[in-house]
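Have a look at the structure below, then the notes.
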Amino acid sequence: MLVLLVGMIVFLGGWRPLRAVSFPLGYLIWMIPIPVILYNQITFPLQLLASRLAAACLELVQVPVLRDGNILVMSNYSVEVVEACSGIRSLISLMALR
4 MLVLLVGMIV
14 FLGGWRPLRA
24 VSFPLGYLIW
34 MIPIPVILYN
44 QITFPLQLLA
54 SRLAAACLEL
64 VQVPVLRDGN
74 ILVMSNYSVE
84 VVEACSGIRS
94 LISLMALR
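Using my numbering, the letters of the sequence shown map in sequence onto residues 4 to 101.
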């Protein structure tokens, strides 16, 4: 879609209007999703980091916890740190704001 927009602007207006809207068009690069293979390679280490931090915080407040990968096992129940908790979407938003 981005290539189509650039082509339409060049066809209908020429190169000068394209230069005028180059920043907004460049910002639209953030709408292109990350490939699934790359997304999974980024999210899994972030999941493990989130589970490590959660286990450390629980131990800090004297809650007994056993961390097995991205699963936190406590005395009565277990909690899994899923892909949504990796923070990758928040990082992408913050990078777009930068």
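Idealized CB from N, CA, C, for every residue including glycine.
- Note that the C-beta distance between residue 57 and residue 84 is below 8 Å.
- Judged by pairs of C-beta atoms under 8 Å, the region 35-50 touches the region 89-98, as three or more such pairs exist.
- Beta-bridge partners assigned by DSSP to residue 76: 69 and 81.
- Exclusion of the five residues before and after residue 20 leaves 12 as the residues of its chain whose Cβ lies within less than 7 Å of its Cβ.
- Cβ atoms of residue 9 and residue 28 come within 8 Å of each other, at about 6 Å.
- Here DSSP, grouped into helix, strand and coil, assigns residue 101 to coil.
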